[in-house]
Amino acid sequence: MQVKKPIRKAPAKPAVPVVTVEGHTLNFTAPLVEGEIQLLNEEEEVEYTIYVASGSTQVVIPAYISGYYYINIVQGNYCFSGDIDL
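Using this note's numbering, read the sequence shown as starting at 4 and increasing by one per residue.
As structure tokens, then:
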């Protein structure tokens, strides 16, 4: 009798998030994987972090956060980055 070894698979890479901004609401075209969103100022210092639950499609940023930011969307071992104007 031959014993088969289990096949180990790495977790699937999350889809690249696509975000639109309406006021202070970030809308995602596909549900996010559990993780966090970081907003960094022009000096690349983290000014705001919010944790998001798996399946989230909207995130509301407080009104006191406004202007130009770098955004990091961290999902597991992956980090997606871009620019955002709130």
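Idealized CB from N, CA, C, for every residue including glycine.
All values derive from a computational prediction rather than experimental measurement.
Using the rule of at least 16 other Cβ atoms within 10 Å of the residue's Cβ for burial, across every protein chain shown, is G85 buried or exposed?
Your numbering for residue 85 matches position 82 in the sequence shown. That one is exposed.
Assuming contact is defined by CB atoms lying nearer than 8 Å, are E37 and V22 in contact in what I supplied?
Position 34 of the sequence shown holds residue 37. Position 19 of the sequence shown holds residue 22. Taking 8 Å as the Cβ cut-off, E37 and V22 do not qualify as a contacting pair.
Tell me the start and end of each unbroken beta strand (DSSP E) in the segment 11 to 52 that is at least 3 residues and wholly inside, in chain order.
For the segment 11 to 52, whole beta strand (DSSP E) runs of length 3 or above, ordered along the chain, are 22 to 25, 28 to 31 and 38 to 43.
So the beta strand (DSSP E) S59 belongs to, where does it begin and stop?
Taking the sequence shown and counting its residues from 1, the one referred to as residue 59 is at position 56. First-last for S59: undefined, no H or E at that position.
Could you give the distance in angstroms between the alpha-carbon of I40 and the alpha-carbon of I76?
For this step, residue 40 is matched to residue 37 along the sequence shown. For this step, residue 76 is matched to residue 73 along the sequence shown. Taking the straight line joining both Cα atoms gives about 5 Å.
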